[in-house]
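Asks: What follows is a structure written as structure tokens; I'll ask about it next.
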């Protein structure tokens, strides 16, 4: 038999739910459109493609001609469609019922519009957990792609990874293709002729397969790639080189699957790609893990030992970031409420909102992932608040309820009146971790605390590594800066950034910690009351919802001294952009990204065109107001960047000047 290798090339196209239209349009211009047009020129070059549902619908609506090219390539047997969860959830992180619903929603959409129901599925971020097998199999999925690293972790050797393997769970079977890391790092970063020669070196006499499935954004959106892939002709050269080869046979996964036999049974551990396993670790552990990896690489023993360097698992993001965990548990809470409704009361609008709340991007962070991006978290909360409002219309909740939904050992008190919802943390702070306006589908407490990240230690360190002789740099290996980062920008927070965090600054004290409150017996309606014992007496705090107004009343009993301060971290969608501003006395005083200091302030308006509404903050006693933007430092493929997370407002009063009672109100319009 003559030697050959089947090239199973697949690309994954995804944009997060809630991403800006200009970002989607630019991605289409620089990547999706030229890629599809190039593939259409070469009918003999077979390939697979997965487009996440939200992005697919956007492209179908705005660029139907390009989707028409894809439809033509599907019809002529050149392109194979891969499915997934419709909004690109991490399947292992959502309930089984929603896994099935999401997968079928995507498959139905592709069959309806492109005429092919997928046999294969893309696993978001290649997160593997054996628990997803039954849902995939029940939806008609026959095979998935995961990293070869997954197989090495199960004890396989690289030489064995020349085809697909099989696994089973709860009586269902699923086949799995090992994606070649060597190919992922070559395509499209090394010269085309080098990539072709590497593929030819994989040829064998036993129906060998070279498996590639990776982000299509590497073909035009990642730094330097548009010029390299299209203007300098890398993709043309690669396709022509493959088609001219006597041993490389480009195939669809489905055709290979039909002609080859499984390499046998395998059971993979819960894992993702090795970089993700580092990102999901807290900074101290990530430092140790990265140092271990670098040490083994320096010793020249990395390749044979990397399977034993496991790092963390994707779900660790929920324990790393309280904000991610809270979003996730709120989503699970509402999924259960939706599932409990009689079927006749469930609506398509509810289902779509639930699925959007399960989109993966805002739940995690690494070189990619959007937890640090406020507009992506906002899209998740928009869906959460919208779904909750829809559910409340058909299955109303009581005005007050308490439960520890985020599993932190402390209850959260949910106050709602159909217009607003305030979620009060019974963790001693009596602060709000969520403030929802149902008319706006917005959570004003959607902020992110600043915490240490593993990559922060790269800040200020020059990139002195040797340059590649040929090709372009892989973003995994580059260190670049989108913004100037100073040491003070890397400050971290000792606690979550919430609303109504209270401090009592004693006279002559350098700093003060948060006040500690104990809950008082339940009050009626949408109210919660707490009390804090201080050296000079007590402070009673009562939180009340009435119409579109949240009011927080403080009652001071005893002899207090010093300065009382209330901190609010408000999520305003305009962030430091031009569409948001402060108004005092009818006059614009500046934007959210500016520093403000106002004496004797009784009322201030926050107007936000992106939100489509405004928030009015008022106090019964004139306050000293300090307002400043809160920035975090994160890393993306574009480099280190500063992102505004919240408007941090601190209102303070000399205790002796407040009197016995202080009321702070937030009105949402």
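In this note's numbering, the protein residues as written are 4 to 672.
Glycine is no exception: its CB is placed at the ideal position from the N, C-alpha and C atoms.
With a threshold of 8 Å, are at least 3 pairs of Cβ atoms found where one atom belongs to the region 244-254 and the other to the region 143-162?
Replies: No, because fewer than three Cβ pairs between the region 244-254 and the region 143-162 fall closer than 8 Å, the two stretches do not touch.
Asks: How many whole angstroms separate the CB atoms of residue 370 and residue 638, which I take to be in contact at a CB cut-off of 8 Å?
Replies: With 8 Å as the limit, residue 370 and residue 638 qualify as a contact, their Cβ atoms being about 6 Å apart.
Asks: Express the C-alpha separation of residue 83 and residue 161 in angstroms, rounding to a whole number.
Replies: Roughly 26 Å between the two C-alpha positions.
Asks: With a 10 Å radius around its C-beta and 16 neighbouring C-beta atoms as the bar for buried, classify residue 188 as buried or exposed.
Replies: Result: exposed.
Asks: Taking the C-alpha atoms as reference points, what is the distance between residue 233 and residue 223?
Replies: Cα to Cα, the separation comes out at about 8 Å.
Asks: Under 8 Å by Cβ, that's how I've got residue 620 and residue 669 pegged, so tell me the actual separation to the nearest angstrom.
Replies: Yes, they are in contact, since the Cβ atoms of residue 620 and residue 669 sit about 6 Å apart, within 8 Å.
Asks: State the start and end residues of the unbroken alpha helix (DSSP H) segment that holds residue 156.
Replies: That run of the alpha helix (DSSP H) goes 151-156.
Asks: Could you give the C-beta distance for residue 212 and residue 166, rounded to a whole number, given that I count them as a contact under 8 Å?
Replies: At roughly 5 Å, the Cβ-Cβ gap stays under 8 Å, so residue 212 and residue 166 are in contact.
Asks: Is the Cβ-Cβ distance between residue 499 and residue 325 less than 9 Å?
Replies: Going by C-beta atoms, residue 499 is nearer than 9 Å to residue 325.
Asks: Measuring CB atoms only, is the region 51-60 touching the region 9-24, in the sense that at least three cross pairs come out at less than 8 Å?
Replies: Yes: the two stretches touch, three or more of their Cβ pairs being nearer than 8 Å.
Asks: Tell whether a beta-carbon distance below 9 Å holds between residue 555 and residue 503.
Replies: Cβ distance < 9 Å, so residue 555 and residue 503 count as in contact.
Asks: Relative to the C-alpha of residue 450, which candidate in 522, 360, 330 and 218 has its C-alpha closest?
Replies: Among 522, 360, 330 and 218, the Cα nearest to that of residue 450 is on 330.
Asks: Can you tell me the Cα-Cα spacing of residue 141 and residue 433, whole angstroms?
Replies: The straight-line gap from Cα to Cα measures roughly 46 Å.
Asks: Excluding the 5 residues flanking residue 437 on each side, which residues of the same chain have their C-beta closer than 6 Å to its C-beta?
Replies: Result list for residue 437: 426, 446 and 448, in chain order.
Asks: What are the boundary residues of the alpha helix (DSSP H) that residue 638 is part of?
Replies: Residue 638 -> not in any alpha helix (DSSP H); beta strand (DSSP E) instead, spanning 616-639.
Asks: Residue 332 by DSSP, collapsed to three states: which one?
Replies: DSSP places residue 332 in helix when its eight states are reduced to three.
Asks: Considering residue 239, what are the terminal residues of the alpha helix (DSSP H) in which it resides?
Replies: Residues 237-247.
Asks: So residue 199 packs on residue 244, CB below 8 Å; how close in whole Å?
Replies: Sure, about 4 Å apart at Cβ, within 8 Å.
Asks: For the region 327-344 against the region 387-404, do three or more pairs of beta-carbon atoms, one drawn from each stretch, fall closer than 8 Å, so that the two count as touching?
Replies: Yes, since at least three Cβ pairs between the region 327-344 and the region 387-404 fall closer than 8 Å, the two stretches touch.
Asks: Whose C-alpha, out of 517, 646 and 403, is nearest the C-alpha of residue 527?
Replies: Checked all of 517, 646 and 403; the closest Cα to residue 527 is 403.
Asks: Since residue 62 contacts residue 35 with CB under 8 Å, what's their CB separation in whole angstroms?
Replies: Yes, they are in contact, since the Cβ atoms of residue 62 and residue 35 sit about 7 Å apart, within 8 Å.
Asks: Residue 675 bridges to which residues according to DSSP?
Replies: Because residue 675 is not part of the residues shown, which for the chain are 4 to 672, the question remains open.
Asks: Return the bridge partner residues of residue 604 from the DSSP annotation.
Replies: Answer is 626, bridged to residue 604.
Asks: Could you give the distance in angstroms between the alpha-carbon of residue 471 and the alpha-carbon of residue 185?
Replies: Reliability fails at residue 471, whose pLDDT of 43 lies under 50, so the model's placement of it is uncertain and the value that follows must be treated cautiously. The straight-line gap from Cα to Cα measures roughly 16 Å.
Asks: Assuming residue 82 is part of the beta strand (DSSP E), what are its boundary residues?
Replies: Residue 82 -> beta strand (DSSP E) spans 82-86.
Asks: Assuming residue 319 and residue 271 form a contact by the criterion Cβ under 8 Å, report the distance between their Cβ atoms to the nearest whole angstrom.
Replies: Residue 319 to residue 271, Cβ: 18 Å. No contact.
Asks: Return yes when the Cβ of residue 333 is within less than 9 Å of the Cβ of residue 341, no when it is not.
Replies: Not closer than 9 Å, so no.
Asks: Need the endpoints of the alpha helix (DSSP H) that residue 505 sits in, please.
Replies: Taken as a continuous stretch (DSSP letters only), residue 505 belongs to no alpha helix (DSSP H), being part of the beta strand (DSSP E) at 502-508.
Asks: Name the two residues that bound the continuous beta strand (DSSP E) containing residue 181.
Replies: Start and end: 175-182.
Asks: Contact defined as beta carbons within less than 8 Å: I believe residue 415 pairs with residue 429. What is the distance between those atoms, to the nearest angstrom?
Replies: That pair is a contact at about 7 Å.
Asks: Going by beta-carbon coordinates alone, are residue 214 and residue 191 separated by less than 9 Å?
Replies: Against a cut-off of 9 Å, the Cβ pair of residue 191 and residue 214 comes out as no contact.
Asks: Quick check: what's the CA-CA separation for residue 41 versus residue 120?
Replies: Each residue's alpha carbon lies about 24 Å from the other.
Asks: Report the partner residues of residue 584 according to the DSSP bridge assignment.
Replies: Paired residues: 610.
Asks: Among 28, 168 and 286, which one has its Cα closest to the Cα of residue 263?
Replies: Ranking the options by Cα distance to residue 263, first place goes to 168.
Asks: How would you call residue 228, buried or exposed, if buried means at least 16 neighbouring beta carbons within 10 angstroms?
Replies: Residue 228 should be labelled buried.
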